[in-house]
Amino acid sequence: MPEPLKISWLDRAKETHRFHCRKKKDDSKWRIEDTAKSLKRSIGSISEDLLIASWLRTHRSKLETFDYAYEALAFIRNKENEMLLDDLEE
Numbered sequence: 004m005p006e007p008l009k010i011s012w013l014d015r016a017k018e019t020h021r022f023h024c025r026k027k028k029d030d031s032k033w034r035i036e037d038t039a040k041s042l043k044r045s046i047g048s049i050s051e052d053l054l055i056a057s058w059l060r061t062h063r064s065k066l067e068t069f070d071y072a073y074e075a076l077a078f079i080r081n082k083e084n085e086m087l088l089d090d091l092e093e
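Each position in the sequence shown, counted from 1, maps to that position plus 3 in the working numbering.
Below is the structure:
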């Protein structure tokens with residue numbers, strides 16, 4: 004029996020985002036919790052996928068260099084902290 008096809012962390016983030024957005028368009032009350040339940044995943048993993056997907060718009064080339072989602076999330080959190088500190092220093 005062939006081994007199941009594994010989806011990359013980046014493709015999973017994009018697919019999660021597409022699914023969540025489609026559901027939200029159909030039902031304005033749709034929440035991250037609903038997506039998590041539908042996909043049988045934790046709220047935290049859905050939230051991380053949606054965060055990664057949102058950063059793809061502006062940092063695609065950088066995010067595509069990472070082998071693992073945790074590396075991309077560390078990069079994103081570091082960038083968010085930098086932006087927060089920049090705002091405080093102005």
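Cβ atoms here follow ideal geometry from the backbone N, Cα and C, with glycine treated the same way.
- prompt: So does the stretch 35 to 48 actually touch the stretch 7 to 27, counting three or more Cβ pairs closer than 8 Å?
  reply: Put simply, the stretch 35 to 48 touches the stretch 7 to 27. At least three CB pairs are less than 8 Å apart.
Is it the case that the stretch 68 to 88 contacts the stretch 43 to 59, given that we only count it when at least three CB pairs across the two stretches are under 8 Å? Under the three-pair Cβ rule at 8 Å, the stretch 43 to 59 counts as touching the stretch 68 to 88.
Review point. Which residues bound the alpha helix (DSSP H) around D29?
Key: Position 26 of the sequence shown, counted from the first residue, corresponds to residue 29. Here the alpha helix (DSSP H) through D29 covers 12 to 29.
Subject >> Length-filtered (4 minimum) alpha helix (DSSP H) runs lying within the stretch 29 to 84 >> reply: The stretch 29 to 84 contains these whole alpha helix (DSSP H) runs: 35 to 42, 46 to 66.
Next item on the list: Determine, using beta carbons only, whether I35 and I55 come nearer to each other than 9 Å.
Entry: For the purposes of this step, residue 35 is taken as residue 32 along the sequence shown, with counting starting at 1. For the purposes of this step, residue 55 is taken as residue 52 along the sequence shown, with counting starting at 1. Taking a C-beta distance under 9 Å as the contact criterion, I35 and I55 do not qualify as a contact pair.
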